[in-house]
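Worksheet: one structure, shown below.
Number of protein chains: 2
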Amino acid sequence: MELIARFLMTTLKDIGIELGLSPATVSRALNGFPEVSAKTRDRVQEAAARLGYRANRSAQRLVSGRSGIVGMIVKTGSDLRADQTFMEVLVGMSAALAARDADLVLAVDQGRDPVAAYRRMLERDMLDGFIVNAPVMDDPRINFLRDEGIPFVVHGRDRPSPDYPFYTIDNFAVAAESVQLLAALGHKRIAYLNGPELYSHAVRRRAGYLDTMAKLGLPVAEGALTHNEPSEAAGYRQAVTLLAGQRGERPTAFICSSMLLADGVMRAIKDQKLSVPGDVSVMAHDDDLPFLRAMSFTPALTVTRAPLRDACSPLANDLMDLIGGADPFHLQTLTNAELIVRDSTGPAPQNGETPWPWTPPNR
Amino acid sequence: MELIARFLMTTLKDIGIELGLSPATVSRALNGFPEVSAKTRDRVQEAAARLGYRANRSAQRLVSGRSGIVGMIVKTGSDLRADQTFMEVLVGMSAALAARDADLVLAVDQGRDPVAAYRRMLERDMLDGFIVNAPVMDDPRINFLRDEGIPFVVHGRDRPSPDYPFYTIDNFAVAAESVQLLAALGHKRIAYLNGPELYSHAVRRRAGYLDTMAKLGLPVAEGALTHNEPSEAAGYRQAVTLLAGQRGERPTAFICSSMLLADGVMRAIKDQKLSVPGDVSVMAHDDDLPFLRAMSFTPALTVTRAPLRDACSPLANDLMDLIGGADPFHLQTLTNAELIVRDSTGPAPQNGETPWPWTPPNR
DNA sequence: AAAACTTTTCAAAACGTTTTAAATTTATTT
DNA sequence: AAATAAATTTAAAACGTTTTGAAAAGTTTT
Numbered sequence: 223m224e225l226i227a228r229f230l231m232t233t234l235k236d237i238g239i240e241l242g243l244s245p246a247t248v249s250r251a252l253n254g255f256p257e258v259s260a261k262t263r264d265r266v267q268e269a270a271a272r273l274g275y276r277a278n279r280s281a282q283r284l285v286s287g288r289s290g291i292v293g294m295i296v297k298t299g300s301d302l303r304a305d306q307t308f309m310e311v312l313v314g315m316s317a318a319l320a321a322r323d324a325d326l327v328l329a330v331d332q333g334r335d336p337v338a339a340y341r342r343m344l345e346r347d348m349l350d351g352f353i354v355n356a357p358v359m360d361d362p363r364i365n366f367l368r369d370e371g372i373p374f375v376v377h378g379r380d381r382p383s384p385d386y387p388f389y390t391i392d393n394f395a396v397a398a399e400s401v402q403l404l405a406a407l408g409h410k411r412i413a414y415l416n417g418p419e420l421y422s423h424a425v426r427r428r429a430g431y432l433d434t435m436a437k438l439g440l441p442v443a444e445g446a447l448t449h450n451e452p453s454e455a456a457g458y459r460q461a462v463t464l465l466a467g468q469r470g471e472r473p474t475a476f477i478c479s480s481m482l483l484a485d486g487v488m489r490a491i492k493d494q495k496l497s498v499p500g501d502v503s504v505m506a507h508d509d510d511l512p513f514l515r516a517m518s519f520t521p522a523l524t525v526t527r528a529p530l531r532d533a534c535s536p537l538a539n540d541l542m543d544l545i546g547g548a549d550p551f552h553l554q555t556l557t558n559a560e561l562i563v564r565d566s567t568g569p570a571p572q573n574g575e576t577p578w579p580w581t582p583p584n585r
Numbered sequence: 223m224e225l226i227a228r229f230l231m232t233t234l235k236d237i238g239i240e241l242g243l244s245p246a247t248v249s250r251a252l253n254g255f256p257e258v259s260a261k262t263r264d265r266v267q268e269a270a271a272r273l274g275y276r277a278n279r280s281a282q283r284l285v286s287g288r289s290g291i292v293g294m295i296v297k298t299g300s301d302l303r304a305d306q307t308f309m310e311v312l313v314g315m316s317a318a319l320a321a322r323d324a325d326l327v328l329a330v331d332q333g334r335d336p337v338a339a340y341r342r343m344l345e346r347d348m349l350d351g352f353i354v355n356a357p358v359m360d361d362p363r364i365n366f367l368r369d370e371g372i373p374f375v376v377h378g379r380d381r382p383s384p385d386y387p388f389y390t391i392d393n394f395a396v397a398a399e400s401v402q403l404l405a406a407l408g409h410k411r412i413a414y415l416n417g418p419e420l421y422s423h424a425v426r427r428r429a430g431y432l433d434t435m436a437k438l439g440l441p442v443a444e445g446a447l448t449h450n451e452p453s454e455a456a457g458y459r460q461a462v463t464l465l466a467g468q469r470g471e472r473p474t475a476f477i478c479s480s481m482l483l484a485d486g487v488m489r490a491i492k493d494q495k496l497s498v499p500g501d502v503s504v505m506a507h508d509d510d511l512p513f514l515r516a517m518s519f520t521p522a523l524t525v526t527r528a529p530l531r532d533a534c535s536p537l538a539n540d541l542m543d544l545i546g547g548a549d550p551f552h553l554q555t556l557t558n559a560e561l562i563v564r565d566s567t568g569p570a571p572q573n574g575e576t577p578w579p580w581t582p583p584n585r
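Respectively, the protein sequence lines represent chains H and V. Position one of the first sequence corresponds to residue 223 (the working numbering), numbered consecutively onward. Position one of the second sequence corresponds to residue 223 (the working numbering), numbered consecutively onward.
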């Protein structure tokens with residue numbers, strides 16, 4: 223009411239009256255239809271700008287039969303870092319969707335049933351589609367949305383060759399390239415601090431790590447590959463354990479699935495009076511979150527880097543295109559993280575020549 | 223398109239046909255207007271339930287002239303904890319607004335000008351109102367929205383007697399009560415680790431601390447009151463400095479403006495081989511965020527507690543009422559935090575009898 | 001039993017846009 | 001210059017709801 227009164231909304235009819243045209247023509251002119259003459263289009267656009275015309279979304283949505291609203295579910299009670307990455311994606315998606323005249327609304331998933339929140343959201347409002355993030359393997363949310371025929375895009379990928387739109391980095395390669403870099407530097411005992419086992423990205427990184435180690439003929443000691451909450455504390459704890467050599471020779475290199483883990487690993491290494499990269503090399507995967515910069519580590523951290531926010535525009539566009547009827551198979555993106563070598567990686571130390579004795583990889 | 227087809231939206235007309243009534247009557251029956259007979263209302267409600275009727279939001283919004291959408295601005299590049307509290311409020315507000323048939327959309331404020339984001343959002347879409355959180359003193363966003371006559375509610379308060387709707391805890395009392403509790407336990411050297419100076423809640427807590435200390439005749443040593451980013455690291459750093467006694471006798475008690483600060487303080491105390499509460503008492507203000515529970519500190523933390531999410535429903539309702547034309551002065555809530563005494567506070571130690579020598583409070 | 005109310009229902013308009021089908025204008029061909 | 005084709009514009013309907021003003025049905029009063 224306030225707003226309406228204040229901005230005195232100009233309508234298509236107003237422009238039509240101003241120019242002696244019908245609302246239909248004005249609509250077509252503004253929406254770039256081909257059957258309107260060039261001079262008419264110019265006049266309309268000038269008048270629209272002059273009168274400060276903004277299309278009424280509610281009217282557009284009423285006639286289009288779409289709500290213009292897409293949903294995203296927050297997994298509540300989740301850990302610190304997950305919230306952080308969620309926040310990053312959320313904000314990025316909001317902005318990207320706004321550019322497509324869509325709004326993003328949230329729902330909270332607080333229960334056991336991972337699709338309950340989706341169901342509730344569909345009941346409560348008419349949503350045009352969903353964004354699914356941080357998928358687990360064979361994700362029940364994805365299965366639900368697929369079965370129901372509801373448009374959705376996934377940030378990530380829960381199976382090898384999906385039939386739905388997705389955007390993800392090649393997580394196998396993320397791990398593989400890290401291992402290859404360190405191996406090229408002569409490292410033989412490379413530990414991998416992975417993310418929580420349930421996430422599909424962690425599963426793929428594990429595969430990338432194990433495969434590449436195997437391909438290089440490097441044994442993986444028991445306990446050298448672990449799954450961890452993405453927290454500084456977890457990184458610290460894990461690194462302390464590994465550095466103590468309780469599980470054979472200590473690693474000469476650490477690969478961390480997140481910056482927070484790397485932060486903890488660095489602290490543990492410093493506490494042991496070891497040097498980076500002299501005694502131990504460290505690298506991490508960097509989502510490029512604003513509050514934990516790889517550059518501000520000392521030494522600056524070698525990373526595989528893939529800004530989370532890079533995914534937002536493609537995902538938003540894909541979702542809107544999908545809702546518009548595009549072929550899901552044309553809305554699939556697999557990108558590669560960028561390998562950025564900085565100062566936290568160096569040649570393996572003298573005592574690092576011997577690989578671990580062979581033990582079967584866990585799992 | 224998909225969704226529409228799938229759920230085969232039933233309309234008011236459908237119900238009307240089913241029952242031999244006009245859409246007008248059906249609308250009234252469903253919206254609880256008085257001039258519809260009891261039996262008709264029952265029949266309509268039964269049919270609506272049976273046919274799974276859900277009002278089309280776009281149509282409602284078109285006729286009401288409101289968008290049903292309210293905005294909230296994310297301050298990006300902000301620190302870890304701020305994002306966490308923002309997330310909590312965001313999710314809570316989303317849910318609470320959904321209950322009032324409104325949606326919450328986000329915009330990112332990444333620039334210098336704190337009102338640019340608001341202006342941009344108003345241009346881009348017709349919003350019914352705004353939620354402003356974490357106000358600074360004499361907040362420019364609030365002044366902007368006030369001047370423009372745009373409905374908004376504030377989580378917090380940027381001046382003593384606002385003429386806008388707000389929901390806040392009494393932050394003066396939060397600090398005052400903490401001081402009083404510790405003073406009652408015999409503490410005389412009480413340090414206060416406050417939040418960033420720019421936030422109005424920090425300003426009020428500072429006043430509460432300083433006033434109460436003065437009232438009790440307790441001098442405040444220089445450096446005993448500090449403003450900090452809400453992070454574990456900041457708490458640790460500050461506590462180490464204070465415990466080293468570089469600024470006179472070390473404090474026998476710490477009050478922390480956030481749980482993260484308290485976390486760092488506890489670590490610093492343990493690193494110094496001091497005990498809580500034997501040597502030092504610690505308390506904090508607890509927003510009741512899901513990932514940092516006061517109960518899981520060892521010892522369990524004494525706090526002033528005020529769950530952030532308690533603010534969400536009132537704020538959502540106030541905003542929708544305001545948009546509906548309610549009097550802003552009836553939409554103001556000032557609540558009190560709950561004082562929960564646990565195991566991190568105890569009697570002042572022997573060496574704690576003497577207050578600090580008087581120094582003028584900083585600022 | 002007619003008149004005067006009261007209660008309940010309805011038809012129609014409105015909100016602002018898009019879209020269909022028809023009508024007009026303009027350009028091209030004969 | 002007429003006939004035809006093409007380009008441009010328009011009137012009207014549609015989307016689903018709320019609301020206004022009028023009409024119908026039901027009650028009470030005379």
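Just so it is clear, CB atoms sit at the ideal spot from N, CA and C, and this is done for glycine as well.
Rounded Cβ spacing between residue i and residue j (contact assumed at less than 8 Å)
i	j	result
Ser-289/V	Arg-279/H	6 Å
Val-258/V	Ala-269/V	So it is not a contact: roughly 14 Å between Cβ atoms.
Leu-367/H	Val-292/H	So it is not a contact: roughly 12 Å between Cβ atoms.
Ser-503/V	Leu-407/V	7 Å
Gly-486/V	Tyr-458/V	4 Å
Alpha carbon of residue i to alpha carbon of residue j, nearest angstrom
i	j	result
Pro-418/H	Phe-476/H	17 Å
Arg-228/H	Lys-261/V	Only weak support is given to the placement of Arg-228/H: the predicted model assigns it a pLDDT of 47, under 50, and the value that follows is read from those uncertain coordinates. In a straight line, the C-alpha of Arg-228/H is about 43 Å away from that of Lys-261/V.
Pro-577/H	Ala-397/V	58 Å
Leu-326/H	Gly-314/H	11 Å
Leu-483/H	Asp-510/V	25 Å
Thr-390/H	Ala-506/V	41 Å
Asp-236/V	Ala-522/V	60 Å
Ile-226/V	Gly-287/H	Note that Ile-226/V scores a pLDDT of 39, beneath 50, so its modelled location is shaky; the value from the coordinates is reported in the next line. About 7 Å.
Val-401/V	Ser-566/V	14 Å
Leu-556/H	Ser-535/H	14 Å
Ala-339/V	Arg-363/V	10 Å
Ala-281/H	Ser-480/H	45 Å
Thr-233/H	Asp-369/H	41 Å
Met-309/V	Met-309/H	7 Å
Run of the alpha helix (DSSP H) containing residue i, from where it starts to where it stops
i	result
Val-285/H	279-286
Ser-479/V	Here Ser-479/V belongs to no alpha helix (DSSP H), and DSSP marks it neither H nor E.
Phe-394/H	393-406
Ala-560/H	Note that residue 560/H is Glu in the sequence shown, not Ala. Taken as a continuous stretch (DSSP letters only), Glu-560/H belongs to no alpha helix (DSSP H), being part of the beta strand (DSSP E) at 560-562.
Phe-366/H	362-370
Ser-422/V	422-437
Met-542/V	534-545
Leu-241/H	234-241
Cβ neighbour criterion (16 or more within 10 Å) applied to residue i
i	result
Phe-255/V	exposed
Arg-515/V	exposed
Gln-572/V	exposed
Gly-274/V	exposed
Asp-380/V	buried
Arg-426/H	buried
Contact test: residue i Cβ vs the ligand MG heavy atom, cutoff 7 Å
i	result
Thr-247/V	For the ligand MG, the structure offers nothing, since it holds no ligand at all.
Delimiting residues of the beta strand (DSSP E) encompassing residue i
i	result
Lys-297/V	291-297
Met-348/H	Here Met-348/H belongs to no beta strand (DSSP E), and DSSP marks it neither H nor E.
Leu-326/H	325-331
When you check each C-beta in the segment 391-416 of chain H against every C-beta of chain V, which residues fall closer than 8 Å?
-> none
Check distances from the C-beta atoms of the segment 273-286 of chain V to those of chain H and list, in chain order, the residues that come in under 9 Å.
-> Arg-276, Asn-278, Arg-279, Ser-280, Ala-281, Gln-282, Arg-283, Leu-284, Val-285, Ser-286
Contact list for the segment 353-367 of chain V against chain H, Cβ threshold 8 Å = none
The segment 245-273 of chain H: which residues have C-beta closer than 9 Å to a C-beta of chain V, in chain order?
-> none
Which residues, taken in chain order from the segment 322-339 of chain V, show a beta carbon closer than 9 Å to some beta carbon of chain H?
-> Asp-323, Asp-325, Leu-326, Val-327, Leu-328, Ala-329, Val-330
Closer than 8 Å, Cβ to Cβ, to anything on chain V: give me those residues from the segment 469-496 of chain H, in chain order.
-> none
Residues of the segment 513-531 of chain V with a CB closer than 8 Å to any CB of chain H: list them in chain order, please.
-> Phe-513
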